[in-house]
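Numbering (this note's numbering), first residue to last: 10 to 353. Right, one structure below, let's go through it.
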Amino acid sequence: MNSYQVAVIPGDGIGVDVTRAAWQVLEHSAAKFDFSLGGEWFPWSCEYYLEHGEMMPQDGIAMLKRFDAVLLGAVGWPDKVPDNVSLHGLLLPIRKQFDLFANVRPHRLLAGVEGPLRKGDFDILCIRENTEGEYSGAGGRIHQGTPDEVAVETSIFTRRGVERILRYGFEMARQRSGRLASVTKSNAQKYTMVMWDEVTEEIAREYPDVTVNRYHIDAIAARMVMNPETLDVIVASNLFGDILTDLGAAIQGGLGYAASANLNPQPGVPSMFEPVHGSAPDIAGQGIANPIAAIWSAALMLEHLGERDAAAAILRAVETVTAQAGNGGGLKTEQITAAVIAAI
Ligand code: NAD
Ligand code: IPM
Ligand code: MN
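Listed below in structure tokens is the structure:
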């Protein structure tokens, strides 16, 4: 029997509720599909920070390294801990230190769910660079708090980083419709984004079967709303991908539906699976968070671990539920979770 060890980090706010939901679905799937799943829970969060002065222990990354995967809820509670402290103390180091360079975010209108667009179908795969670019963390502030203050934050794009994320995108495009959209802003940003465009052209020669279109970030944002059917696989830098995937989530019916996988295809480090959404302080503690994004992320984890049948069954079950419940208005987190488990 295959056996997997998962590090579970529920984090803050609704992260806790939706991770519990995802874990219940995982446990049920393991029993049904005959694999074994062990979970170790880590309380790393803003609460933990208030108690310990750090978001995770100094050797936190080393502790996670021995797991087959990390399942994460959401990190951040701005009233307690500044976001730049909490995110740079937990989520972003996991992505960077395990070199989880491909943040893969599927956006699809599930059966029965209505999005804000009048169009009926919406199905794109957004691939976001996840380790560098605008999130490199290179910069500083001098003369802080004075009128002479200077703040610098430099985007760093490496050829290696750009090549590998684009190549990943081309591979995904090959597996889907054969269409790839590469996103930049090379009309205004003339170094990093021009290099990205050049690398796109270079790699395109290795994939003559893939049709590539280049878009500027502003234009593709509009296109996602006006003509989403013309898009399939989208590859974007860290920040552009971040923004496009909240847009994608909105179009698929809301943040509660958007799943993500933070992948390093090399063996030896755990990949991380988490919903696109955050801790949602505005609805936390009410038991009304939509758990589908987290459940779908758990399915992505099983797919990554090789449990394809279980992953497919979870997604089928989710769609069985959404087909009946639509946007789930009025349903509690627990009710949706129980319905998904019943459908499996
Ligand atoms: P958010 O995603 O938490 O919430 C945005 C809006 O979407 C809110 O109105 C919220 O109620 C709604 N929403 C989100 N998830 C939902 C769900 N599952 N079901 C129903 N409604 C849902 O974004 P925010 O408010 O900008 O951020 C809150 C905190 O989370 C901040 O600290 C932020 O930095 C952090 N954050 C963390 C992650 C992460 O850990 N991956 C992602 C985004 C934001
Ligand atoms: C996401 C989140 C994070 C990001 C934040 C919380 C740092 O918005 O996963 O989309 O920007 O990557
Ligand atoms: Mn985001």
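Positions of the beta carbon are idealized from the N, C-alpha and C atoms, including for glycine. None of the values given here were measured: they were computed from a predicted structure.
Please determine whether the Cβ atom of residue i lies at a distance below 7 Å from any heavy atom of the ligand IPM.
i: V17; result: no
i: L96; result: yes
i: G337; result: no
i: G85; result: yes
i: G287; result: yes
i: L99; result: no
Starting from residue i, trace the beta strand (DSSP E) in both directions and tell me its first and last residue.
i: Y200; result: Counting along the chain, Y200 falls outside any beta strand (DSSP E), and DSSP gives it neither H nor E.
i: E283; result: S280 to P284
i: L134; result: D132 to E138
i: H313; result: Element bounds for H313: not the beta strand (DSSP E) but the alpha helix (DSSP H), I301 to L314.
i: A190; result: R188 to T193
i: V161; result: V159 to I165
i: V221; result: T220 to H225
Hey, how far is the Cα of residue i from the Cα of residue j?
i: H313; j: A303; result: 15 Å
i: G146; j: V171; result: 17 Å
i: L101; j: Y13; result: 24 Å
i: S186; j: S164; result: 31 Å
i: A213; j: R137; result: 18 Å
i: L134; j: E63; result: 35 Å
i: S280; j: I103; result: 9 Å
i: D77; j: F249; result: 29 Å
i: P274; j: N112; result: 11 Å
i: V203; j: H225; result: 11 Å
i: N93; j: W205; result: 27 Å
i: Q295; j: G338; result: 14 Å
i: A307; j: E36; result: 11 Å
i: K105; j: N139; result: 7 Å
i: S195; j: T220; result: 20 Å
i: P276; j: V79; result: 14 Å
How would you write the range of the alpha helix (DSSP H) that residue i sits in, first residue to last?
i: N93; result: D92 to G98
i: T329; result: R317 to A334
i: A270; result: Taken as a continuous stretch (DSSP letters only), A270 belongs to no alpha helix (DSSP H), being part of the beta strand (DSSP E) at A268 to L272.
i: Y177; result: R168 to Q184
Is there at least one non-hydrogen atom of the ligand NAD closer than 7 Å to the beta-carbon of residue i?
i: D92; result: yes
i: A298; result: yes
i: A257; result: Going by the sequence as given, residue 257 is Gly instead of Ala. False, no ligand heavy atom lies under 7 Å from that Cβ.
i: I23; result: yes
i: G265; result: yes
i: G69; result: no
i: G20; result: yes
i: V27; result: yes
i: E283; result: yes
i: A31; result: no
i: A182; result: no
i: A302; result: yes
Between residue i and the ligand GDP, is the CB less than 7 Å from at least one heavy atom?
i: P290; result: Absence of the ligand GDP from the depicted structure is noted, with the ligand NAD, the ligand IPM and the ligand MN being the only ligands included.
Which residues are close to the ligand MN, meaning CB closer than 7 Å to any heavy atom, in chain order?
D251, T254, D255 and V285
Can you check the region 229-261 for any alpha helix (DSSP H) of at least 4 residues that lies completely inside it and give the ranges in chain order?
247-260
Would you list, in sequence order, the uninterrupted alpha helix (DSSP H) runs of no fewer than 4 residues that lie entirely inside the region 21-93?
23-42, 55-61 and 69-74
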